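A short worksheet on the structure shown next.
Protein chains: 2
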Amino acid sequence: MGVTKSDLFNEMQNELATVAKVLAHPARVAIIQQLLKSNACINGDLVQELGLAQATISQHLRELKSVGIIQGTIEGSRISYCINPMRWTEIKNQFNQLFDQYPPSIPRDCC
Amino acid sequence: MGVTKSDLFNEMQNELATVAKVLAHPARVAIIQQLLKSNACINGDLVQELGLAQATISQHLRELKSVGIIQGTIEGSRISYCINPMRWTEIKNQFNQLFDQYPPSIPRDCC
DNA sequence: TAAGTACATTGCAATATTACGATATGTTTT
DNA sequence: AAAACATATCGTAATATTGCAATGTACTTA
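Taken in sequence, the protein lines are chains A and B.
Per full-length UniProt numbering, residue 1 is the first one in the first sequence, and the count goes up by one each step.
Per full-length UniProt numbering, residue 1 is the first one in the second sequence, and the count goes up by one each step.
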């Protein structure tokens, strides 16, 4: 196996899981935080900052791009990465839609 | 490989990634939503609700428990699962600490 | 245009995840 | 105590992820 049965779940559940998967690696969290921190848009200086090989960083960047949370613009021979503001807000809201479901308005008697 | 170099990253990054990994499966999102929805604390009725085998659900429950987001209490021969309120808030805050870093107070000129 | 720089992609080895049948453990009912 | 439940754990097959060296692609500078 090793393959998720995504047809069993609704779109919200699958989408949230997909985004969470992208955040589910410390290198990718670190990359995001670098982009947040750096005044100028950081590119492959990430290879210096984090201690991973260039190929590995590139792979992580691709996954971050795959859910649209970051975007890259070609800047001569370099590539400038940064947060995609629209998508950032969307993702933030997606998570908060889940997180704000608790505590429920009607109290529960459980546990 | 297949093994994350977690020593390269700080605690916040590793912890957020660990929690995100637990949310990174639609079945686990679905389980959480069932626990949120059900007035009484749902147990292995989850096997009925979601279309997965009992062993699979049990495995997902264990992962949710591993980060403390849910807790189970033995109720006779059954087990009653529910959200752990403290941990829920902690996790919500962890994510929002990241999410609220954007947009930055000082505007950026990038992209 | 050749050499250098920056980044992406490919290919591969090590490890992790997903799913489930089978089985173990513990509880309740008969 | 035996049978019937409820849940956890084990073992295993299929697939996914992580990391990197090697290589490809594209721009820049000499």
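We put the beta carbon where it would ideally sit given N, CA and C, even for glycine.
Nothing here was measured: the structure is a model prediction, and the numbers come from that model.
Of B:Asn84, B:Asn43 and B:Ser105, the smallest CA-CA separation from glutamate 75 of chain B is found for B:Asn43. Chain-order list of chain B residues neighbouring histidine 25 of chain A: Thr4 and Ala17, by C-beta distance under 7 Å. Partner residues in the beta bridge of threonine 73 of chain B, as assigned by DSSP, are B:Ser80. Burial of arginine 28 of chain B is indicated by the presence of at least 16 other C-beta atoms within 10 angstroms of its C-beta. Linking lysine 92 of chain B to serine 105 of chain A through their CA atoms gives a straight-line distance of about 18 Å. Check the Cα spacing between serine 38 of chain A and each of A:Cys82, A:Tyr102, A:Leu98 and A:Asn96: the tightest is with A:Cys82. Under the Cβ criterion (8 Å, minimum of three pairs), the stretch 48-57 of chain B does not count as touching the stretch 58-65 of chain A.
A direct Cα-to-Cα measurement between glutamate 11 of chain B and alanine 30 of chain A gives close to 11 Å. Nearest to arginine 87 of chain B by C-alpha distance, out of B:Leu50, B:Leu16 and B:Ser77, is B:Leu16. Residues of chain A with a Cβ closer than 8 Å to the Cβ of glutamine 48 of chain B do not exist; the shortest Cβ-Cβ separation is about 13 Å. The beta-carbon separation of valine 67 of chain B and threonine 18 of chain B, rounded to 6 Å, stays under the 8 Å limit for a contact. Chain-ordered listing is empty here: chain B has no CB closer than 8 Å to the CB of glutamine 59 of chain A, the nearest sitting near 12 Å. Below the 8 Å Cβ cutoff, chain B contributes no neighbours of valine 67 of chain A, its closest Cβ being approximately 12 Å away.
If you draw a straight line from the Cα of leucine 8 of chain A to the Cα of methionine 1 of chain A, it comes to about 16 Å. Under a 10 Å Cβ-count criterion, glutamine 13 of chain A is classified as buried, with 16 or more other Cβ atoms of the shown protein chains found around its own Cβ. Going by DSSP, phenylalanine 95 of chain B is part of the alpha helix (DSSP H) stretching over 85-99. Collapsing the DSSP output to three states places aspartate 45 of chain B in coil. Among the residues facing chain A, glutamine 97 of chain B is not included, as its CB has no counterpart in that chain under 8 Å away. According to the DSSP assignment, isoleucine 31 of chain B belongs to the alpha helix (DSSP H) that extends over 26-37.
A residue is called buried when at least 16 other Cβ atoms come within 10 angstroms of its Cβ; proline 107 of chain B does not meet this threshold and is exposed.
A Cβ-Cβ distance of about 6 Å is found for the pair leucine 35 of chain B and isoleucine 70 of chain B, placing them in contact under the 8 Å criterion. Counted as a single uninterrupted DSSP element, the alpha helix (DSSP H) harbouring alanine 17 of chain B occupies residues 11-23.
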